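Chemist: Before I ask anything, let me first share the structure, which is written out below as structure tokens.
Structure follows, in structure tokens:
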């Protein structure tokens, strides 16, 4: 038997992608029996003060734009061409804004199809939060990767604000798998003493938790902006969790209840609803009355707010299932974000 | 059939007891077909600026000492003698510090025994947080009431910081019952548009949640005092919830998983770990190193911190079940509170 090692490519290099690159780089070195030490990272090329970001990362070992102040392992190699970054990789980590996934997979497809005879199969894991819309209302990012590349895809999600992970503050995360061996392999790739990885056989539950919690965080932000107290906020989080659980089971009856008790469930709801940017922008919306696109410019440098997008996709899904009225919190968030309803209506019908 | 109405007595008049008196008074008036409007409230008599507290409450309709600024319904009648307050009552609401329950029940016992031939039986509900110790490690407050008075006892617990409830901010709560009719009757007595009551057939789960969450809040306070971030705190809350669930099942295998998804479970953990006084004192402990009895004097007017007491009782229970090492968070909180271990050891072995 040949001793082929797993070769890792990280597709994406934002705040979360860079924090993950630090962990993955530490682990490919630690578990050198399993992984090739060198990790490639596909970086969307841009100029930072006149210099290419890939060149800065490869020289300074720091993503000065998206994760300043954190040193990346020297063997993280930034590459601006996607197919060159992914060439030879057996493990693909997707960590890009969800709207770019399809295009990136289309670029990778010819190469991966030609490699299906490799000894080590290619497997992927998605760290992407969000979902896309289709005729049924919701489609999963991991399904886009699966269907485009015809490979197995696991999912990672948890209470993981990127800067805190990069600072090595203790937290937990959850990997949802379909193939146990792949779940265990990715656990080995991501687990550290400060980043505690659990695995569960439920990719759909883990992925939907990561997307839906942002809708709950919008509600939590409204609650803060309206200066409701901590009992009310706790009730919103609890009701949000219940609606997440019911929506997941409506989407796929195989989603497990236990998934919601993992880090990707309650813990991520808590951290997102107390410290995340969806909460922050929604609070500003309730306080100032400024439209979300203005707040996105002011607070997020123009980036789209995930929870507001997801609220739209969720509402479409609920409508197509004639189930809107069974999800009053998701309904109210949608109506406040898209139909001009006042934030003061947040608790209506809960 | 005689049209006998339920007569309510509230035993206790602290911050939470007074907030509950407001709700109960509103509901006995609203549901006058079921309840006698007048509600008696046993008040531990004390002097406030030279005047008896019962007299102030009955004249001003305000508990100026424990819930200042909140008007109580005029038909809440404060009475300093316990047996006079409870005379004729069919529904007893216990809301006193847990160390006083046994003595109060002993006082009530002769009267209640002599009344067992009444048409309407006497039923109780406990709103008390905490537990007492016995040879087995833990005994429930509701069991003390049940065994002393030989009556059915329901339990109410939830994400209910008293001042916010008194200010009519929306929240939820949970009633655990053994007899469905009693659960529904108490739901009618407590439910309002801002205090949303769910019922579940699980008194033990609801009661243990109310006690154990304070131990988790001590851990959350240490985390804040150590300036750990929000991922870490979310992990502590999640691990705390898991240990609560496992401890409850070790105590009584009939406790239901669903109970932990009610307000008494996750929602109460959240509000207690973000806004409660157990969290606050534990944060001060980690920051200042002052002993808990000093902090109790400085921050709680000498009142004992519930979570620190409960950590002791829990540890005794776990020791007697040879299960300490399966509960690392509860173990670490105990060791920090009682064995001089540094708060920095909080995450050890999680």
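Residue numbers (the numbering used here), protein chains in the order written: chain A, 1 to 350; chain B, 1 to 350.
Backbone N, C-alpha and C define an ideal beta-carbon position, used for all residues, glycine too.
Everything numeric in this text was worked out from a predicted model, so none of it was measured.
For residue 52/A, which beta-bridge partners are listed by DSSP?
Modeler: The residue you call residue 52/A lines up with position 52 of the first chain. Partner(s): 47/A.
Chemist: I want to verify the contact list: residues of chain A whose CB lies under 8 angstroms from the CB of residue 207/B, in sequence order.
Modeler: Working through the second chain from its first residue, we reach residue 207/B at position 207. At a C-beta separation below 8 angstroms, residue 207/B has no neighbours in chain A, since its nearest C-beta there lies roughly 19 angstroms away.
Chemist: Under the DSSP definition of a beta bridge, which residues are partnered with residue 171/A?
Modeler: As a first step, residue 171/A must be located in the first chain, where it is residue number 171. Partner(s): 195/A.
Chemist: Check distances from the C-beta atoms of the segment 166-193 of chain B to those of chain A and list, in chain order, the residues that come in under 7 angstroms.
Modeler: Under the 7 angstroms Cβ criterion, the segment 166-193 of chain B contributes 169, 170, 171, 172.
Chemist: Helix, strand or coil for residue 201/A, going by three-state DSSP, please let me know.
Modeler: Mapped onto the first chain, residue 201/A falls at position 201. Reduced to three states, the DSSP call for residue 201/A is coil.
Chemist: What is the DSSP secondary structure of residue 305/B, counted as helix, strand or coil?
Modeler: Locating residue 305/B in the second chain gives position 305, where the first residue counts as 1. Under the three-state reduction of DSSP output, residue 305/B falls in the coil class, being neither helix nor strand.
Chemist: Does the CB of residue 148/B have a neighbour CB from chain A at under 8 angstroms?
Modeler: Indexing the second chain from 1 puts residue 148/B at position 148. Cβ-Cβ to chain A under 8 angstroms: no for residue 148/B.
Chemist: Return yes when the Cβ of residue 21/A is within less than 8 angstroms of the Cβ of residue 165/A, no when it is not.
Modeler: Residue 165/A sits at position 165 when you count from the first residue of the first chain. Residue 21/A sits at position 21 when you count from the first residue of the first chain. Cβ distance not < 8 angstroms, so residue 165/A and residue 21/A don't count as in contact.
Chemist: Quick one: Cα of residue 337/B to Cα of residue 292/B, how far?
Modeler: Here residue 337/B refers to the residue found at position 337 when the second chain is read from its first residue. Here residue 292/B refers to the residue found at position 292 when the second chain is read from its first residue. Straight-line Cα distance between these residues: approximately 8 angstroms.
Chemist: Return the Cβ separation of residue 96/B and residue 229/B in integer angstroms, given the expectation that the two are a contact with Cβ distance under 8 angstroms.
Modeler: As a first step, residue 96/B must be located in the second chain, where it is residue number 96. As a first step, residue 229/B must be located in the second chain, where it is residue number 229. Residue 96/B to residue 229/B, Cβ: 38 angstroms. No contact.
Chemist: For residue 282/A, which residues of its own chain have a beta-carbon under 6 angstroms away from its beta-carbon, when the five flanking residues on both sides are left out?
Modeler: As a position in the first chain, residue 282/A is number 282, starting the count at 1. If we look at residue 282/A and ignore the five residues flanking it on each side, its Cβ neighbours are 218, 221, 222.
Chemist: Note down, in chain order, each residue of its chain lying with its Cβ closer than 8 angstroms to the Cβ of residue 173/A, except the 5 sequence neighbours on either side.
Modeler: As a working note, residue 173/A is residue 173 in the first chain. The answer, listed in chain order, is 156, 157, 158, 159, 160, 190, 195, 196, 197, 198, 263, 264.
Chemist: Ignoring anything shorter than 4 residues, give me the alpha helix (DSSP H) runs that lie fully in the segment 104-183 of chain B, in order along the chain.
Modeler: 141-149, 162-166
Chemist: Using a Cβ-Cβ distance under 8 angstroms, would residue 230/A count as near chain B?
Modeler: Sequence index remark: in the first chain, residue 230/A carries index 230 (1-based). At least one C-beta of chain B is nearer than 8 angstroms to the C-beta of residue 230/A.
Chemist: Between residue 200/A and residue 259/A, is the Cβ-Cβ spacing less than 8 angstroms?
Modeler: Here the question's residue 200/A lines up with position 200 in the first chain. Here the question's residue 259/A lines up with position 259 in the first chain. Contact: yes.
Chemist: Helix, strand or coil: which one does DSSP assign to residue 10/A?
Modeler: In the first chain, residue 10/A corresponds to position 10, counting from 1. Note: residue 10/A maps to strand in three-state DSSP.
Chemist: Alpha carbon to alpha carbon, how far is residue 27/A from residue 212/A?
Modeler: Here residue 27/A refers to the residue found at position 27 of the first chain. Here residue 212/A refers to the residue found at position 212 of the first chain. Approximately 30 angstroms between the Cα atoms of the pair.
Chemist: Mapping the DSSP letters down to three states, classify residue 38/A as helix, strand or coil.
Modeler: The residue you call residue 38/A lines up with position 38 of the first chain. Three-state DSSP puts residue 38/A in a strand.
Chemist: When you compare only the Cα positions, how much space is there between residue 225/A and residue 344/A?
Modeler: To locate residue 225/A, count along the first chain from 1; it is residue 225. To locate residue 344/A, count along the first chain from 1; it is residue 344. The straight-line gap from Cα to Cα measures roughly 10 angstroms.
Chemist: Within 10 angstroms of the Cβ of residue 227/A, are there 16 or more other Cβ atoms? Answer buried if so, exposed if not.
Modeler: On the first chain, residue 227/A is found 227 positions in, with the first residue counted as 1. Flag for residue 227/A reads exposed.
Chemist: Take residue 241/B and list the residues in its own chain whose beta-carbon comes closer than 8 angstroms to its own, dropping the five residues that flank it on each side.
Modeler: Taking the second chain and counting its residues from 1, one reaches residue 241/B at position 241. Taking residue 241/B as the centre and dropping the five residues before and after it, the same chain places the C-beta of 216, 260, 265, 266, 269 closer than 8 angstroms to its C-beta, in chain order.
Chemist: Within 10 angstroms of the Cβ of residue 205/A, are there 16 or more other Cβ atoms? Answer buried if so, exposed if not.
Modeler: On the first chain, residue 205/A is found 205 positions in, with the first residue counted as 1. Residue 205/A is buried by the Cβ-count criterion.
Chemist: Are the CB atoms of residue 255/A and residue 202/A within a distance shorter than 8 angstroms?
Modeler: Reading the first chain from its first residue, position 202 is the one you call residue 202/A. Reading the first chain from its first residue, position 255 is the one you call residue 255/A. In this structure, residue 202/A places its C-beta atom within 8 angstroms of the C-beta atom of residue 255/A.
Chemist: Flag this pair as yes or no: are the beta carbons of residue 332/B and residue 307/B separated by less than 8 angstroms?
Modeler: Translated into positions along the second chain, residue 332/B becomes position 332. Translated into positions along the second chain, residue 307/B becomes position 307. No, these two residues do not count as a Cβ contact at 8 angstroms.
Chemist: Grouping DSSP H, G and I as helix and E and B as strand, with all else coil, what is residue 15/A?
Modeler: Residue numbering aside, residue 15/A sits at position 15 when the first chain is read from its first letter. Helix, per DSSP.
Chemist: Under a CB-based cut-off of 8 angstroms, is residue 211/B close to chain A?
Modeler: As a working mapping, residue 211/B is identified with position 211 in the second chain. Chain A contact via Cβ: absent.
Chemist: From residue 428/B to residue 56/B, what distance separates their C-alpha atoms?
Modeler: Because chain B in this structure spans residues 1 to 350, residue 428/B falls outside the shown range and cannot be described.
Chemist: My guess is that residue 305/B and residue 296/B are in contact by the Cβ rule of under 8 angstroms, so how many angstroms apart are they, rounded?
Modeler: As a position in the second chain, residue 305/B is number 305, starting the count at 1. As a position in the second chain, residue 296/B is number 296, starting the count at 1. Indeed, because the Cβ distance is near 6 angstroms, the residues count as touching under 8 angstroms.
Chemist: Could you work out which residues of chain A lie near residue 161/B, taking near to mean beta carbons separated by less than 8 angstroms?
Modeler: Walking along the second chain from the start, residue 161/B turns up at place 161. Near residue 161/B (Cβ distances below 8 angstroms), the residues of chain A are 229, 230, 231.
Chemist: Apply the 10 Å Cβ neighbour rule to residue 59/B and answer buried if 16 or more other Cβ atoms are within range, or exposed otherwise.
Modeler: As a working note, residue 59/B is residue 59 in the second chain. Its Cβ having fewer than 16 others within 10 Å, residue 59/B is exposed.
Chemist: Against chain B, does residue 266/A count as a neighbour if the rule is that its beta carbon must be under 8 angstroms from one of theirs?
Modeler: For this step, residue 266/A is matched to residue 266 along the first chain. It does; some Cβ of chain B falls within 8 angstroms.
Chemist: Over the uninterrupted alpha helix (DSSP H) stretch that includes residue 266/B, give me the two end residues.
Modeler: What you label residue 266/B is simply residue 266 of the second chain in a count that begins at 1. First-last for residue 266/B: undefined, no H or E at that position.
Chemist: Suppose you measure from the CA of residue 323/A to the CA of residue 192/B; what does that come to, to the nearest Å?
Modeler: Residue mapping note: residue 323/A aligns to position 323 of the first chain, counting from 1. Residue mapping note: residue 192/B aligns to position 192 of the second chain, counting from 1. When rounded, the distance between both Cα atoms is 26 angstroms.
Chemist: Which residues in the same chain as residue 90/B place their Cβ atom closer than 6 angstroms to its Cβ, once the five residues preceding and following it in sequence are excluded?
Modeler: Position 90 of the second chain, counted from the start, is the residue given in the question as residue 90/B. Excluding positions up to five away in sequence, the list reads 6, 7, 120, 122.
Chemist: Would you identify the three-state DSSP class for residue 213/B, choosing helix, strand or coil?
Modeler: For the purposes of this step, residue 213/B is taken as the residue at position 213 of the second chain. If DSSP states are grouped into helix, strand and coil, residue 213/B belongs with the helices.
Chemist: In the DSSP assignment, find the beta strand (DSSP E) that holds residue 78/A and state where it starts and stops.
Modeler: As a working mapping, residue 78/A is identified with position 78 in the first chain. Residues 76-79.
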